[in-house]
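J.: Here it is, the structure, as structure tokens.
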Amino acid sequence: MARYTHFKVWLDGKIVDPEDAKLSVFTLTVLRGANVYEGLRAYWNPAKKNLYVWKLDEHLKRLRDSMKVMRMQLPYSIDDLRAAVVEWLRANDFHDDVHFRLVAYFGDGGSGGVKSYRPDEIDTGAFILGGPRPHDDKLERGLKMGVATWRRIADDVVPARVKAGANYQNNRLAAVEARENGFDDAILLTQGGKVAEATGAAVMMVRDGHLVVPPVTDGVLESITRRSVLELYARQYGRPAVERSIDRTELYVCDEILIAGSAEEVTPVVAVDRMTVGDGTPGPITKTLQRLFFAAARGDDPTFATSLTPVYDVKEAP
Ligand SMILES: Cc1ncc(COP(=O)(O)O)c(C=O)c1O
2 MARYTHFKVW LDGKIVDPED AKLSVFTLTV LRGANVYEGL RAYWNPAKKN
52 LYVWKLDEHL KRLRDSMKVM RMQLPYSIDD LRAAVVEWLR ANDFHDDVHF
102 RLVAYFGDGG SGGVKSYRPD EIDTGAFILG GPRPHDDKLE RGLKMGVATW
152 RRIADDVVPA RVKAGANYQN NRLAAVEARE NGFDDAILLT QGGKVAEATG
202 AAVMMVRDGH LVVPPVTDGV LESITRRSVL ELYARQYGRP AVERSIDRTE
252 LYVCDEILIA GSAEEVTPVV AVDRMTVGDG TPGPITKTLQ RLFFAAARGD
302 DPTFATSLTP VYDVKEAP
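Every position in the sequence shown, counted from 1, becomes a number in the working numbering once 1 is added.
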């Protein structure tokens, strides 16, 4: 997260300067990647002069679910973490689009090593870091993806549903391989050879005019952006997206592909394995969903008002 080293950090209940945001080498988060986290966005709305966190409650719920599977107990409630997010954004006085992480970690102590999990055996803590993330032209340009030779971790091995830091070694192997092969990013298949997801986003395709997405049981993180895009699609087109497994070769013959995630937002994919997707430019359904997504997340679509957490106390027009 080198890009975020200039901004204050919320660490275990306190706002600290970045140079004081340190954890010990003896923590299980350092030694084993033992943490779960959320990657979130807050969007600046220039007309309303306010910053809005997108889908904060859904992220907090997923963090709670990840902690439950990992048998983690934090010394903070979900309400404490919600307040901490707003406190951290205010402390940095952000007036820009921001990307940030909320991390719950296993800390110091516990002679039991990987067996330690109870509060009497090991400390736990949390931190929030991040900063402004400028507009990326891949939103217009689209991505060239490659199907990874690495398979996605399975639910009965290391569950992809849990957003654990250590899971991302699987994504890293695939992402680095993709870069080495000249692609922007990778699409991973499940152990059974069906499309799972990209290294940091859900994958969707348009075939014969219908949006098709892998089910949440096909080795994916239960993406919050995926859910938002499905809702926007159903509203706009008057029919639900089709949730079913996707074959690798469907990626070659479909009309459009997009990836969706908090970091990746709604990004078109224009080629897979050097085969063009559709005519090789971002497709019309992708562009419509992108437009609707940004209107909702930035606070320009009143039907999504309850999905936004305002950061600053600004009087809003009725
Ligand atoms: C592996 C993976 N899949 C999907 C997503 C998208 O999830 P979300 O939309 O909740 O950010 C992410 C991003 O966090 C991710 O890392």
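Even for Gly, the Cβ is constructed at its ideal location relative to N, Cα and C. All figures in this text were calculated on a predicted structure; none of them were measured in a lab.
Pop quiz: E223 and R63 are said to be a contact at Cβ under 8 Å. What is the actual Cβ separation, rounded to whole angstroms?
T.: 7 Å
J.: At what residue ranges does the stretch 238–278 contain a whole run of the alpha helix (DSSP H), taking only runs of 4 or more?
T.: Every alpha helix (DSSP H) stretch that sits fully inside the stretch 238–278 and reaches 4 residues is listed by chain position as 249–254.
J.: Name the DSSP bridge partner or partners of K145?
T.: For K145, which the question treats as bridged, DSSP gives the partners A272.
J.: Can you tell me where the alpha helix (DSSP H) with E39 in it begins and where it stops?
T.: Run containing E39: none in the alpha helix (DSSP H); it sits in the beta strand (DSSP E), 36–46.
J.: Does the distance between the C-beta of L222 and the nearest non-hydrogen atom of ligand 1 fall short of 6 Å?
T.: yes
J.: Cutting at 7 Å between CB atoms, please list the residues of its own chain near V70, excluding the five before and the five after it.
T.: P160, V163
J.: Let me make sure I understand the geometry here. Which of D256, D186, R236, A202 has the alpha-carbon closest to that of V213?
T.: D256
J.: Confirm, please, whether the CB-CB distance from W45 to D94 is below 7 Å.
T.: no
J.: CB of T226 to nearest heavy atom of ligand 1: below 6 Å?
T.: At a threshold of 6 Å, T226 counts as near ligand 1, since its beta carbon sits closer than that to one of the ligand's heavy atoms.
J.: Tell me, please, which residues DSSP counts as bridged to E88.
T.: According to DSSP, which records beta bridges pairwise, E88 is partnered with nothing at all.
J.: Taking just the CA atoms, how far does R152 sit from P47?
T.: 42 Å
J.: Hey, would you say I259 sits closer than 7 Å to T287, going by beta carbons?
T.: Sequence inspection shows Leu at residue 259; the Ile mentioned does not correspond to that position. The answer is yes: Cβ separation under 7 Å.
J.: Check for me: the alpha helix (DSSP H) holding Y169 runs from which residue to which?
T.: 169–181
J.: In this structure, does DSSP put M2 in helix, strand or coil?
T.: Residue placement at M2 is flagged as unreliable, the pLDDT there being 47, under the threshold of 50; a coordinate-derived value is accordingly withheld.
J.: Is it a yes or a no for the stretch 113–127 touching the stretch 76–96, going by three-plus beta-carbon pairs under 8 Å?
T.: yes
J.: Given that a residue counts as buried once 16 or more other Cβ atoms are within 10 Å of its Cβ, and exposed if not, what is R227?
T.: For R227, the number of other beta carbons within 10 angstroms of its own is at least 16, and it is reported as buried.
J.: How long is the line joining the alpha carbons of I188 and Y238, rounded to whole angstroms?
T.: 27 Å
J.: Helix, strand or coil for F95 per DSSP?
T.: Residue state, collapsed to three classes: coil.
J.: Helix, strand or coil: which one does DSSP assign to M68?
T.: helix
J.: G108 by DSSP, collapsed to three states: which one?
T.: coil
J.: Measure the C-alpha to C-alpha separation of F294 and M206 and round it to an integer number of angstroms.
T.: 17 Å
J.: Should E20 be counted as a contact of ligand 3 given a C-beta to heavy atom distance under 6 Å?
T.: With respect to ligand 3, the structure shown offers nothing to examine, as its ligands consist of ligand 1.
J.: Determine the closest residue to P19 out of R65, A242, G132, with distance taken between C-alpha atoms.
T.: G132
J.: Would you call the stretch 5–22 and the stretch 32–42 in contact, with 3 or more CB pairs under 8 Å?
T.: Contact between the stretch 5–22 and the stretch 32–42 is absent, because fewer than three Cβ pairs lie under 8 Å.
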